[in-house]
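Enquirer:
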Amino acid sequence: MNPYILSTLLFGLGLGTTITFASSHWLLAWMGLEMNTLAIIPLMAQHHHPRAVEATTKYFLTQATAAAMLLFASTTNAWLTGQWDIQQMTHPFPSTIIILALSLKIGLAPVHSWLPEVLQGFDLTTGLILSTWQKLAPFALLLQMQPTGAGLLIILGLASTLIGGWGGLNQTQLRKILAYSSIAHLGWMILILQFSPTLTLLALLTYLIMTSSTFLTFKLNKSTNINSLAISWTKSPALTCLTPLILLSLGGLPPLTGFMPKWLILQELTKQELPCTATLAALTALLSLYFYLRLSYAMTLTMAPNNLTGTTPWRIYHTQLTLPLATSTMLTLLLLPLTPSVLALLTL
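The letter at position 3 of the sequence shown is residue 3 when you use UniProt numbering, and the numbering goes up by one with no holes.
1) With three or more beta-carbon pairs closer than 8 Å as the criterion, would you say the region 120–132 touches the region 244–263?
2) Does the separation of the CB atoms of Gly-252 and Ala-282 fall below 7 Å?
3) For Leu-158, which residues in the same chain have their Cβ closer than 8 Å to its Cβ, ignoring the five residues on either side in sequence?
4) Can you say whether Pro-116 is buried or exposed, counting buried as having 16 or more other CB atoms within 10 angstroms of its CB?
5) When DSSP labels each residue in this structure, what does Asn-225 get in the three-state scheme?
6) Taking contact to mean 3 or more Cβ pairs, one atom from each stretch, closer than 8 Å, check whether the region 170–184 and the region 146–155 are in contact.
7) Would the beta-carbon of Ile-86 fall within 7 Å of that of Met-69?
8) Under the three-state reduction of DSSP, which class applies to Gln-173: helix, strand or coil?
9) What are the boundary residues of the alpha helix (DSSP H) that Gln-88 is part of?
10) Can you name the residues that DSSP bridges to His-25?
11) Taking a contact to mean a Cβ-Cβ separation below 7 Å, would you say Thr-332 touches Met-210 in this structure?
12) So what's Val-342 in DSSP terms, helix, strand or just coil?
13) If we call anything under 7 Å between Cβ atoms a contact, is Met-145 one with Met-89?
14) Quick check on Ser-232: does DSSP put it in helix, strand or coil?
15) Of the choices Leu-208, Leu-141 and Ala-298, whose alpha-carbon is the least far from that of Ala-22?
Given below as structure tokens:
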């Protein structure tokens, strides 16, 4: 892609998200989301491959549906209450529709089925943008709304953690596994949103860091399925040793960074007298942990084929910039001891 076109599209992507961040009016927020969607579509379809074009079409249709629902709900809210302000969502009907529209935008269960299929059609760089940057604007709106429909958010959260764990069990494609991992993590964030928006923000930040390091690791190894992980030791032995720790951090095991949001969310749910919800969330985390362990096993505990194809890749010099990977990996592994400082920063 032409560098000028690429920089224009990336600028549009950033501008759309920034407009949504800065808006307090529903029309402006909707405009930012639309700019965001229209800027990423050429990036998705840049590889003229049938799978990429199909995934781009699916993504466009789901985002257009969600945007139409959002516009309908905000207009309905203005009609019922006379308010266009994001923080003045007092009527339950438009609030529910907006929560469902934003759930469709980010891929929460039960409106999640587009996400694994779409992510599978893209390369790892576009998949990284879709899994991280594209979640920011809808979450900014959810945090501004401060929704109070307790039952709906808990149902969405538990369904997402369950389906995110269950859906990834039988997968062999890494992008689909990461899509289900994304659904499960978003479920944890939605679960705690009404009780502690600060914890939702913390869970979102840790998710962004961990997912970035996972995508960048797979991109460096050029791995797209479980079988190709077995020969990654020839390409980068040190990174192969660290990758299981990154995956276990995604699974939420102590003493890694991923344990921090899960621990604090379970603690907050127990304080809110929701022990059954906390128990179910903790049990569904075990499902996700299984497929992270499966990836770790495939990468480090299986013998790679000792033939020419298996041992050649170490000679090929890679051109990927490794500073983002090094930074995100360090944060993925070492942030747990800094939990009090992180919480203090977020509550300022």
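C-beta atoms are modelled at their ideal positions from N, C-alpha and C, and glycine is treated no differently.
Expert: Taking the definition as stated:
1) Taking one beta carbon from each stretch, the region 120–132 and the region 244–263 have fewer than 3 pairs nearer than 8 Å; the two do not touch.
2) Result no, Cβ atoms of Gly-252 and Ala-282 do not sit closer than 7 Å.
3) If we look at Leu-158 and ignore the five residues flanking it on each side, its Cβ neighbours are Gly-187, Leu-191, Thr-277, Leu-280, Ala-281 and Thr-284.
4) Buried.
5) In this structure, Asn-225 counts as strand in the three-state DSSP scheme.
6) Result no; under three Cβ-Cβ pairs closer than 8 Å.
7) Not in contact: Ile-86 and Met-69 (Cβ atoms no closer than 7 Å).
8) The answer is strand: DSSP assigns Gln-173 an E or B state.
9) For Gln-88, there is no enclosing alpha helix (DSSP H), since its DSSP letter is neither H nor E.
10) Beta-bridge pairing links His-25 to Asp-85.
11) For Thr-332 and Met-210, yes; Cβs fall inside 7 Å.
12) Residue state, collapsed to three classes: helix.
13) For the pair Met-145 and Met-89, the CB atoms are nearer than the 7 Å cut-off.
14) Correct three-state label for Ser-232: helix.
15) For Ala-22, the nearest C-alpha among the options comes from Leu-141.
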